[in-house]
Amino acid sequence: MPEHRIYRMPFAKVYPLYVQKAERKGRTREEVDQIICWLTGYDATGLQQQLGQENDFEAFFAQAPRIHPDSSLIKGVVCGVRVEEVEDPLMKKIRLLDKLIDELAKGRPMEKILRKS
Numbered sequence: 000m001p002e003h004r005i006y007r008m009p010f011a012k013v014y015p016l017y018v019q020k021a022e023r024k025g026r027t028r029e030e031v032d033q034i035i036c037w038l039t040g041y042d043a044t045g046l047q048q049q050l051g052q053e054n055d056f057e058a059f060f061a062q063a064p065r066i067h068p069d070s071s072l073i074k075g076v077v078c079g080v081r082v083e084e085v086e087d088p089l090m091k092k093i094r095l096l097d098k099l100i101d102e103l104a105k106g107r108p109m110e111k112i113l114r115k116s
């Protein structure tokens, strides 16, 4: 099966798009960072290092300290794809992140986005 182009895309090129999407809807860069750090286990310094290194999505997720155990609670559709049905592990992580950013842009409270009770 051919590799998806997104795997080789630098995360630092997509990150500003996540921020723009959130800011257009009245949300903040800090909230985007909080979501990314929650999902991946990076702290603020680690996230900034990743952005500075311009690692692609594959390296970004491979070097992530841990994927949050509650990420399995993320359900729904993003870009016409049901995230819980994505089989490829890397694509699933990318889609989970997309879904969380979509939820942020749609005004969902952070407690719900981060799957807190």
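Quick note: the sequence shown uses numbering that gives the first Met the number 0, first residue 0, plus one each step.
Note that the Cβ used here is the ideal one computed from N, Cα and C, for glycine as well.
So does the segment 25-32 actually touch the segment 70-81, counting three or more Cβ pairs closer than 8 Å?
no
Is DSSP giving Arg94 helix, strand or coil here?
helix
As assigned by DSSP and simplified to three states, the class of Pro9:
strand
Contact check, Leu38 vs His67 under 8 Å by CB: the rounded distance?
6 Å
Residues sharing a beta bridge with Arg81, DSSP:
Val76
Pull up the CB-CB distance for Ile112 and Ile34, whole angstroms please, since I reckon it's below 8 Å.
6 Å
Let me check one thing: in DSSP terms, what residues is Asp55 bridge-paired to?
Pro9
Let's see if you can read the secondary structure: which residues bound the alpha helix (DSSP H) around Lys111?
Met109 to Ile112
Can you tell me whether Leu72 is buried or exposed, with buried defined as 16 or more other CB within 10 angstroms of its CB?
exposed
Using the C-alpha atoms, what's the distance from Asp55 back to Gly40?
17 Å
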